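Participant:
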Amino acid sequence: MVQKLVLRNEVVKVKGRVKVVTIKKDEFEKFLQLRKLKILNNEYEALMPPVDSLEKNTIDINGLATLVQQYMILKLFASGSSSSTTPAQMVLTTQSSNITLSYTGNISLNSQGVTVYMQVLEENNNWTFQYYYIGFDTTSSSYTTSGLELYVSPYMIASYYICGSNPYTQYGQVVRIAYTNTSFTKSSDSYLFVVWLIEFQNIPPYLVAFTPILQNNVGIEPISQSCGPTAFSIYFNNGSCNFACGGNCPSTGLGGFIMYVQNNSVILEFPLIAPLGTGVSSVEVLLCTSAYFNKLPTISGSTSATLTPPVSGATFYVAIATLTVTYQGS
Numbered sequence: 656m657v658q659k660l661v662l663r664n665e666v667v668k669v670k671g672r673v674k675v676v677t678i679k680k681d682e683f684e685k686f687l688q689l690r691k692l693k694i695l696n697n698e699y700e701a702l703m704p705p706v707d708s709l710e711k712n713t714i715d716i717n718g719l720a721t722l723v724q725q726y727m728i729l730k731l732f733a734s735g736s737s738s739s740t741t742p743a744q745m746v747l748t749t750q751s752s753n754i755t756l757s758y759t760g761n762i763s764l765n766s767q768g769v770t771v772y773m774q775v776l777e778e779n780n781n782w783t784f785q786y787y788y789i790g791f792d793t794t795s796s797s798y799t800t801s802g803l804e805l806y807v808s809p810y811m812i813a814s815y816y817i818c819g820s821n822p823y824t825q826y827g828q829v830v831r832i833a834y835t836n837t838s839f840t841k842s843s844d845s846y847l848f849v850v851w852l853i854e855f856q857n858i859p860p861y862l863v864a865f866t867p868i869l870q871n872n873v874g875i876e877p878i879s880q881s882c883g884p885t886a887f888s889i890y891f892n893n894g895s896c897n898f899a900c901g902g903n904c905p906s907t908g909l910g911g912f913i914m915y916v917q918n919n920s921v922i923l924e925f926p927l928i929a930p931l932g933t934g935v936s937s938v939e940v941l942l943c944t945s946a947y948f949n950k951l952p953t954i955s956g957s958t959s960a961t962l963t964p965p966v967s968g969a970t971f972y973v974a975i976a977t978l979t980v981t982y983q984g985s
């Protein structure tokens, strides 16, 4: 008999905020500011517009689902494009046609583009990944918009640091993660700036391995472990083993996942098969994860639960660890 048991149902908050600013051309030099951003305890400076007074947008839940799916395929199977893809795009809906701002490393005059800066914060053993997307149009074009869309992409270093060959970066495709209905006019004698903040908030350590990392100027990349140390391990306590991460209890890995959209959430389910024998009334399950990065320390964590099946005396149980990614506005 097979039972579906829930190991854990966690929520990773995915939020977005945005604002649009137009300035006169002669205000350009005093408008941009050097802002200090943090990668844990290390600070760096980024030339950015003011980031106060950001307003609510809408997270595209289907786009988020595609983003999570791409990232988990990269993570579990190291499968993706080995050729570079653009880290970000902004699409402006105008009266005549759409205008696409594509990624460029820096803000410059007489050009259009998007640049992205990253922050990694840790407080009380919870992690937050922030991405500031800065769209700009410093040309003499003029138009009126009715909407904005943000497109982003995940990426990862293939695990050949471990396997002995040269590492290379694998990419997912750009997907729409957020949009907003906003009307503004850019005149020929003004510059346009769009500040868009995307956050993955309050992530416990064991969920960092499931959190998509987006392409960024800082160059922080996760490292796939498809042929190196195991990034995911699930242990089952049989009553006569060392029930701990790295212990000798019966264990398995994550071989695949089920993903679907429900309400305003992306649901990930990982089937974990535990042969428990006949007549077992409960089972202790321990999930251990490690997230590996090129420029960050390894982030490891674990969570455990005692699962009591609704029917006793079964031969096999399937425990499903459910990870939920939701957008919650404020």
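First residue of the sequence shown: 656, per the numbering used here; consecutive thereafter.
Ideal placement from N, C-alpha and C gives every residue a C-beta, glycine not left out.
Computed from a prediction, not measured in an experiment: that's the story for all the values here.
1. Below 8 Å, how does it come out for the stretch 886-905 and the stretch 761-768: are there three or more Cβ pairs, yes or no?
2. From which residue to which residue does the alpha helix (DSSP H) around residue 723 run?
3. Using 8 Å as the threshold, is the C-beta distance between residue 772 and residue 703 below it?
4. Leaving aside the five residues before and after residue 794 along the sequence, list all residues of the same chain whose C-beta is less than 8 Å from its C-beta, in chain order.
5. Under the assumption that residue 754 contacts residue 850 (Cβ atoms under 8 Å), give the Cβ distance between them as a whole number of angstroms.
6. Of the choices 798, 871 and 908, whose alpha-carbon is the least far from that of residue 840?
7. Take the Cβ of residue 684 as the centre, count every other Cβ of all protein chains shown within 10 Å, and call the residue buried at 16 or more, exposed below.
8. So, is residue 729 buried or exposed, given that buried needs 16 or more other C-beta atoms within 10 angstroms?
9. Considering only the beta carbon of each residue, do residue 867 and residue 782 sit closer than 8 Å?
10. Taking the beta strand (DSSP E) that residue 684 falls in, what are its first and last residues?
11. Find out if the Cβ-Cβ distance for the pair residue 889, residue 940 is shorter than 8 Å.
12. Using beta-carbon positions only, say whether residue 950 and residue 874 come within less than 8 Å of one another.
13. Provide the residue(s) that pair with residue 957 in DSSP beta bridges, ordered along the chain.
14. Of the choices 825, 830 and 832, whose alpha-carbon is the least far from that of residue 734?
15. Assuming residue 746 and residue 804 form a contact by the criterion Cβ under 8 Å, report the distance between their Cβ atoms to the nearest whole angstrom.
16. Locate the beta strand (DSSP E) running through residue 909, then write down its first and last residues.
17. Checking the sheet assignment: what are the DSSP bridge partners for residue 671?
18. I'd like to confirm the pairing. Which residues does DSSP put opposite residue 677 in its beta bridges?
19. Could you tell me the distance, in whole angstroms, from the CA atom of residue 879 to the CA atom of residue 864?
20. If you check the beta carbons only, do residue 838 and residue 800 fall under 8 Å apart?
21. Looking at the structure shown, is residue 823 part of a helix, part of a strand, or coil, going by DSSP?
22. Thinking C-beta only, is residue 693 closer than 8 Å to residue 776?
23. Give the straight-line distance between the Cα atoms of residue 948 and residue 697, rounded to the nearest whole angstrom.
24. Taking DSSP as the reference, what is the three-state secondary structure of residue 743?
25. How far does the beta strand (DSSP E) with residue 889 in it reach, from first residue to last?
26. Using 10 angstroms around the beta-carbon of residue 920, count the other beta-carbons present and answer buried if the total reaches 16, otherwise exposed.
27. Excluding the 5 residues flanking residue 836 on each side, which residues of the same chain have their C-beta closer than 6 Å to its C-beta?
28. Can residue 756 and residue 792 be called in contact, C-beta distance under 8 Å?
29. Quick one: grab the DSSP three-state call for residue 860.
30. Determine the burial state of residue 721: buried for a count of at least 16 other Cβ atoms within 10 Å of its Cβ, exposed for fewer.
31. Which residue comes first and which comes last in the beta strand (DSSP E) that contains residue 833?
32. Under a Cβ-count criterion, where at least 16 other Cβ atoms within 10 Å of its own Cβ denotes burial, should residue 956 be classed as buried or exposed?
Facilitator: So, from the data block:
1. No, they do not touch.
2. Boundaries of the alpha helix (DSSP H) harbouring residue 723: 716-732, taken from the DSSP string.
3. In contact: residue 772 and residue 703 (Cβ atoms closer than 8 Å).
4. If we look at residue 794 and ignore the five residues flanking it on each side, its Cβ neighbours are 765, 766 and 767.
5. Contact flag wrong, Cβ pair sits at about 17 Å.
6. Looking at the Cα atoms, 798 is the closest of the given residues.
7. Answer is exposed; the Cβ neighbour count stays below 16.
8. By the 10 Å Cβ count, residue 729 comes out buried.
9. No; because the gap between Cβ atoms is not below 8 Å, this pair is not in contact.
10. Premise fails: residue 684 lies in the alpha helix (DSSP H), 683-686, not in any beta strand (DSSP E).
11. Less than 8 Å divides the Cβ of residue 889 from the Cβ of residue 940.
12. It is a contact, given that the beta carbons lie within the stated cut-off.
13. As DSSP reads the structure, residue 957 sits in a beta bridge with 943.
14. Of 825, 830 and 832, the residue nearest in Cα terms is 825.
15. Right, their Cβ atoms sit about 4 Å apart.
16. Premise fails: residue 909 is in no beta strand (DSSP E) and is neither H nor E.
17. Note: residue 671 is bridge-paired with 853 in the DSSP secondary-structure output.
18. Assignment of beta-bridge partners to residue 677 by DSSP yields 847.
19. In this structure, the straight-line span from the alpha carbon of residue 879 to that of residue 864 is close to 10 Å.
20. Contact flag set, yes.
21. DSSP places residue 823 outside both helix and strand once states are collapsed to three, so it counts as coil.
22. Contact flag set, yes.
23. Put simply, the backbone Cα of residue 948 is about 16 Å away from that of residue 697.
24. Annotated three-state conformation of residue 743 is strand, per DSSP.
25. For residue 889, the enclosing beta strand (DSSP E) starts and ends at 887-891.
26. Note on residue 920: 16 or more other CB atoms within 10 angstroms of its CB, so buried under the neighbour-count rule.
27. Closer than 6 Å at the Cβ level, and outside the excluded window around residue 836, lie 802.
28. Between residue 756 and residue 792, the gap from beta carbon to beta carbon is short of 8 Å.
29. Here residue 860 carries a helix assignment [DSSP, helix/strand/coil].
30. Flag for residue 721 reads buried.
31. According to the DSSP assignment, residue 833 belongs to the beta strand (DSSP E) that extends over 830-835.
32. The C-beta of residue 956 has 16 or more other C-beta atoms within 10 Å across all chains shown, which makes the residue buried.
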